[in-house]
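Asks: Chains as they are written, first to last, in the working numbering: chain A, 302 to 523; chain B, 302 to 523; chain C, 302 to 523; chain D, 302 to 523. Before I ask anything, let me first share the structure, which is written out below as structure tokens.
4 protein chains.
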Amino acid sequence: MASTSTTALSSSRRAAELSSENRFDQQLARILEHATDVFCEKGYEGASMRDLSRASGMSLAGMYHYFRSKEELLFLIQKHTFGTIIEQLRHRLEKISDPEQRIRAFIFNHLEYFLANQSAMKVLSHEDEKLSNHYGAAVRSVKREYYAICVNLLEQYKRTEKLDFSTRTAVLSLFGMMNWIYTWYNPRQDGNARKLAQEMGDIFLRGIGSSRSSGKKNSRVQ
Amino acid sequence: MASTSTTALSSSRRAAELSSENRFDQQLARILEHATDVFCEKGYEGASMRDLSRASGMSLAGMYHYFRSKEELLFLIQKHTFGTIIEQLRHRLEKISDPEQRIRAFIFNHLEYFLANQSAMKVLSHEDEKLSNHYGAAVRSVKREYYAICVNLLEQYKRTEKLDFSTRTAVLSLFGMMNWIYTWYNPRQDGNARKLAQEMGDIFLRGIGSSRSSGKKNSRVQ
Amino acid sequence: MASTSTTALSSSRRAAELSSENRFDQQLARILEHATDVFCEKGYEGASMRDLSRASGMSLAGMYHYFRSKEELLFLIQKHTFGTIIEQLRHRLEKISDPEQRIRAFIFNHLEYFLANQSAMKVLSHEDEKLSNHYGAAVRSVKREYYAICVNLLEQYKRTEKLDFSTRTAVLSLFGMMNWIYTWYNPRQDGNARKLAQEMGDIFLRGIGSSRSSGKKNSRVQ
Amino acid sequence: MASTSTTALSSSRRAAELSSENRFDQQLARILEHATDVFCEKGYEGASMRDLSRASGMSLAGMYHYFRSKEELLFLIQKHTFGTIIEQLRHRLEKISDPEQRIRAFIFNHLEYFLANQSAMKVLSHEDEKLSNHYGAAVRSVKREYYAICVNLLEQYKRTEKLDFSTRTAVLSLFGMMNWIYTWYNPRQDGNARKLAQEMGDIFLRGIGSSRSSGKKNSRVQ
DNA sequence: AATGAATGAGGGTTCATTCAT
DNA sequence: CATGAATGAACCCTCATTCAT
């Protein structure tokens with residue numbers, strides 16, 4: 302169940318040389334990955350710093366060279382995960398202009414990342430409001446950004462297709478469909494991200510009233 | 302944010318006399334309600350027995366007359382909540398035969414209970430797998446029962462309407478839409494259960510391919 | 302080096318019956334005495350809660366039934382000690398009207414308590430400003446009260462004897478003489494409180510300019 | 302609140318060239334000054350090596366090039382401070398022969414250093430017995446030397462003036478008066494070292510029985 | 001000489017639970 | 001039935017110190 306995300310914690314990682322800053326970031330990334338898995342399994346409160354240190358093979362005290370507190374650790378995970386998923390999304394949307402395909406790209410991007418980094422996403426979904434104001438505000442801000450992107454995609458689609466539905470309910474229902482996955486996903490029964498994105502996209506897009514989208518079995522993402 | 306569920310914990314409550322058993326159940330129900338709120342606010346691991354005793358106005362030690370452990374307390378809450386929601390659902394379904402209306406009744410029943418007992422439902426959604434095998438099995442069994450009801454409703458609908466979609470993905474998407482509510486529900490923006498059930502029902506039913514349901518604005522539940 | 306102070310923590314201790322409140326206070330008093338000794342030996346920061354629990358024969362966790370934090374423990378010690386010394390002082394001063402004798406009574410009272418409760422007084426002197434604002438304010442208030450009593454005694458004496466000296470410097474020098482004792486006191490070399498009070502009283506009173514007091518070898522306190 | 306003492310840690314500082322040994326001593330002196338302030342504010346136990354390193358702007362590990370342990374650091378401070386104060390005292394006493402003036406010089410020297418180096422002196426007074434036997438013996442030896450000087454001055458005075466008092470009590474009372482200052486000194490209310498030395502000298506000298514000293518307002522030190 | 005990284009031991013505090021009353 | 005008192009285990013975190021670089 303190990304997270305497989307490749308992290309890009311420091312923007313100064315361009316050069317190939319193993320600068321000391323680099324080594325620090327790599328270690329931190331390693332710790333973050335392990336911690337993500339443990340948080341996923343036991344929850345934030347249920348995971349002890351001893352669990353986390355054991356998982357990353359570092360001494361309890363040593364962990365504190367990389368973050369100031371358990372809370373900051375959760376914060377770093379959330380910020381990093383959200384940052385990555387948004388970055389990937391923007392990259393994908395650049396190449397697509399068709400409103401429906403843009404929504405399908407959003408769904409696929411979300412599900413692909415979700416399934417590839419289940420631990421991270423479960424932590425993201427679950428350990429939502431456990432961050433105190435200081436850290437919480439930063440994360441909430443990134444979340445709002447992500448939410449706003451989805452809203453814009455839907456509004457654009459609504460105008461193009463001349464549809465009428467509550468954008469808010471629609472967006473939040475979509476997030477619900479996607480984020481609930483960690484509860485039930487089973488690779489054998491449920492297939493990969495592409496298949497799930499297709500199915501959920503069908504349900505959602507037809508659901509919000511597109512007449513065109515029904516039956517369009519060969520629509521593709523990326 | 303107090304739960305308002307009326308509990309039916311013991312079947313021996315028929316008689317009007319305040320038997321000692323009766324008083325016991327009433328006290329337990331009171332504790333369960335308060336504990337539900339605390340679990341909702343702080344999570345299962347984050348809530349201490351002291352928090353729970355403070356919330357219910359009973360001494361720490363006194364709590365242990367009503368349950369054997371913190372884990373059993375969570376179990377009782379989950380069992381009771383699920384029991385109540387299924388009981389209500391069966392009662393409603395008895396009177397409805399139209400397949401679509403039965404699905405809409407399911408959605409409305411879920412959302413109505415969800416919004417009336419937000420704390421309980423958040424605990425139900427969140428503290429999912431924290432129960433050890435002994436208690437966990439019992440709860441999982443009830444959950445499967447509830448899930449199966451929904452699957453049956455969909456299968457029936459599918460046959461009637463001669464539709465083609467993945468029942469599993471559909472059911473789980475529907476649960477996702479509904480269970481994610483605790484994340485964002487705001488009574489002022491999002492209206493009451495009836496309105497939300499209508500909107501989500503529309504999205505979902507049209508989404509799975511009903512041609513009839515689209516535009517049917519006056520379909521009613523109960 | 303055990304403190305021997307008899308504590309009067311609760312004013313409701315009138316009755317002889319061992320009420321539950323009484324037992325709580327007695328236990329607390331016992332803990333306070335032991336803690337006083339440990340603070341005296343190792344200092345406030347140097348003494349660990351584990352040291353304190355060991356000294357009082359109670360489990361680490363059990364201590365927290367009697368105070369909320371280590372800091373509050375120090376606070377309770379200081380408040381109690383100061384309260385007792387002031388109470389004794391007032392009792393003594395009631396019976397004395399001669400200004401010089403009142404000052405001598407002050408000195409004797411301080412030294413007697415100091416020598417009988419060296420641990421407590423060393424803690425009082427040493428762990429002065431370690432209390433955060435909340436607790437610190439309460440203790441500082443009692444200290445000011447004690448200081449004010451001494452100032453008044455000196456002012457009265459000054460008027461009676463028509464002397465001229467800086468009351469502030471005098472009072473603070475007197476406290477210095479007395480409070481420094483814990484650094485050097487040795488019962489064999491330095492005698493008991495009565496003798497020390499006599500000597501220090503002589504030095505101090507003659508020092509602030511009384512012509513009468515010099516040579517008055519037979520002045521007595523209480 | 303920075304200490305302003307100019308340190309003379311190594312006798313090899315004669316030459317003007319910046320020998321490496323010289324640089325070492327200068328760095329050590331800098332560290333000692335900062336550490337003194339931190340010990341003063343937080344106490345020996347309360348000050349962490351991280352606090353000390355932060356205060357001196359040097360890395361945590363770097364500190365250990367200058368002393369073997371936190372304890373040795375305290376030792377170096379105490380030894381240095383005491384060494385300096387005794388050195389200054391001897392220098393002053395060389396030029397004075399009148400017994401009373403010698404005592405007044407002692408008081409002034411002590412207070413002047415105290416007020417100029419409050420941090421150092423508070424540490425000296427407070428962190429008294431925290432040194433283990435190895436280091437403690439060395440410091441105690443210097444303290445005894447300082448104490449002995451004061452005893453000699455008093456004995457000489459006693460013989461000259463043909464007085465009768467307990468030298469021990471007198472010396473220790475004097476130290477008490479002087480060392481207690483850090484508790485209350487306020488430059489605005491209490492004036493400078495000269496004024497305080499005058500006042501305390503008056504109280505003390507008259508207190509131990511000198512008939513001459515009373516009213517002698519123009520006695521000077523240095 | 002200087003530092004970042006790392007650690008075992010221990011810091012104060014809270015945990016779920018038990019038991020005599 | 002109810003509670004105050006008590007506890008061992010575990011909590012997060014910081015300590016003084018070491019060592020490779």
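We put the beta carbon where it would ideally sit given N, CA and C, even for glycine. Since the structure is predicted, the reported quantities are computational estimates derived from the model, not experimental observations.
Is Lys396 of chain D helix, strand or coil by DSSP?
Replies: coil
Asks: With distances taken between CB atoms, is the gap from Leu416 of chain C to Ala494 of chain C smaller than 7 Å?
Replies: yes
Asks: Starting from the C-beta of Asp352 of chain B, find all residues in its chain whose C-beta is less than 7 Å away, skip the five residues before and the five after it, and write them out in chain order.
Replies: Val339, Lys343
Asks: Would Leu333 of chain D and Ile378 of chain D qualify as a contact pair, given that the criterion is a beta-carbon distance under 7 Å?
Replies: yes
Asks: For a cutoff of 7 Å on Cβ pairs, would you count Met478 of chain C as touching chain D?
Replies: yes
Asks: Any Cβ of chain B within less than 7 Å of the Cβ of Arg507 of chain A?
Replies: yes
Asks: Please confirm whether Val492 of chain D has its beta-carbon closer than 7 Å to some beta-carbon of chain C.
Replies: The question names Val, but residue 492 of chain D is Gly in the sequence shown. No - not a single Cβ of chain C is within 7 Å of the one on Gly492 of chain D.
Asks: For Val443 of chain C, which residues from the same chain have a beta carbon less than 6 Å from its beta carbon, with the 5 sequence-adjacent residues on both sides left out?
Replies: Phe383
Asks: With a threshold of 7 Å between beta-carbons, can Glu500 of chain B be considered close to chain A, or not?
Replies: yes
Asks: Suppose the cutoff is 7 Å on Cβ atoms and the five residues either side in sequence are ignored; what does the same chain contact list for Tyr367 of chain C look like?
Replies: Gln328, Leu329, Ile332
Asks: Whole angstroms are fine: how far does the CA of Asp326 of chain B sit from the CA of Phe407 of chain B?
Replies: If you take the alpha carbons of Phe407 of chain B and Asp326 of chain B, they lie about 29 Å apart.
Asks: Among A:Thr461, A:Leu455, A:Ile482, which has the Cα closest to the Cα of Val472 of chain A?
Replies: Nearest C-alpha to Val472 of chain A among A:Thr461, A:Leu455, A:Ile482: A:Leu455.
Asks: Apart from the five residues just before and just after Lys371 of chain B, which ones in its own chain have a Cβ nearer than 7 Å to its Cβ?
Replies: Met350
Asks: Can you pull out the residues from the region 328-358 of chain A whose beta carbon lies closer than 7 Å to at least one beta carbon of chain B?
Replies: Of all residues in the region 328-358 of chain A, only Gly344, Glu346, Gly347 come within less than 7 Å of chain B when Cβ atoms are compared, listed by chain position.
Asks: Would you mind reading off the limits of the alpha helix (DSSP H) that contains Met422 of chain C?
Replies: Where Met422 of chain C is concerned, the enclosing alpha helix (DSSP H) stretches over 419-427.
Asks: Look up Ala406 of chain A in the DSSP assignment and say whether it is helix, strand or coil.
Replies: helix
Asks: Going by the CB atoms, is the gap between Tyr345 of chain A and Lys431 of chain A shorter than 7 Å?
Replies: Yes, the pair counts as a contact, with Cβ atoms nearer than the cut-off.
Asks: So, at 7 Å on beta carbons, what are the nonlocal neighbours of Leu310 of chain A in its own chain, with the 5 sequence-adjacent residues on each side left out?
Replies: Unreliable placement is indicated for Leu310 of chain A, whose pLDDT of 46 sits below 50; no coordinate value is reported for it.
Asks: Out of D:Met359, D:Arg393, D:Leu374, which one is the CA nearest neighbour of Tyr436 of chain D?
Replies: Minimum Cα distance to Tyr436 of chain D is reached at D:Leu374.
Asks: Determine the chain D residues that contact Ser433 of chain C at a beta-carbon separation under 8 Å, and present them in chain order.
Replies: The contacting residues do not exist; Ser433 of chain C stays about 13 Å from chain D at best.
Asks: Thinking C-alpha only, which one of D:Arg324, D:Tyr448, D:His411 is nearest Trp485 of chain C?
Replies: D:Tyr448
Asks: Can you check whether the CB of Glu500 of chain D is closer than 7 Å to the CB of Ser467 of chain C?
Replies: yes
Asks: Is Met431 of chain A helix, strand or coil by DSSP?
Replies: Contrary to the premise, residue 431 of chain A reads as Lys rather than Met in this sequence. Here Lys431 of chain A sits in coil by DSSP.
Asks: Rounded to whole angstroms, what's the CA-CA distance from Leu390 of chain A to Ser360 of chain C? Just pull it up for me.
Replies: Rounded to the nearest whole angstrom, the CA to CA distance from Leu390 of chain A to Ser360 of chain C is 56 Å.
Asks: Closest Cβ-Cβ distance between Thr549 of chain A and chain B: below 7 Å?
Replies: With chain A covering 302 to 523 only, the question about residue 549 of chain A has no answer from this structure.
Asks: Could you confirm whether any beta carbon from chain C is found closer than 7 Å to the beta carbon of Ile504 of chain D?
Replies: yes
Asks: I need the straight-line Cα distance from Arg355 of chain B to Thr337 of chain B, nearest angstrom please.
Replies: 13 Å
Asks: What are the residues of the region 385-414 of chain B that lie near chain A, defined by any Cβ-Cβ distance shorter than 8 Å?
Replies: Taken residue by residue, none of the region 385-414 of chain B has a beta-carbon sitting less than 8 Å from a beta-carbon on chain A.
Asks: Would you give the residue range spanned by the alpha helix (DSSP H) that Phe476 of chain A belongs to?
Replies: 468-480
Asks: Just to make sure I have the definition right: I need the residues of chain B whose C-beta is within less than 9 Å of the C-beta of Leu416 of chain A. Which are they?
Replies: None at all; the shortest Cβ gap to chain B is about 14 Å.
Asks: Return the CA-CA distance between Ser420 of chain D and His427 of chain D, expressed in angstroms with no decimal places.
Replies: C-alpha separation (whole angstroms): 10 Å.
Asks: Given Asp491 of chain D, which residues of its chain have a CB within under 7 Å of its CB, disregarding the five upstream and five downstream residues?
Replies: Leu497
Asks: Should Ser398 of chain A go down as buried or exposed, given a rule of 16 or more other Cβ atoms within 10 Å for buried?
Replies: Within a 10 Å sphere around the beta-carbon of Ser398 of chain A sit fewer than 16 other beta-carbons, which makes this residue exposed.
Asks: Does Ser370 of chain D come within less than 7 Å of chain C when only Cβ atoms are used?
Replies: no
Asks: Return the residue from the list D:Arg469, D:Trp481, D:Asn323, D:Arg445 that minimises the CA-CA distance to Arg489 of chain C.
Replies: D:Arg469
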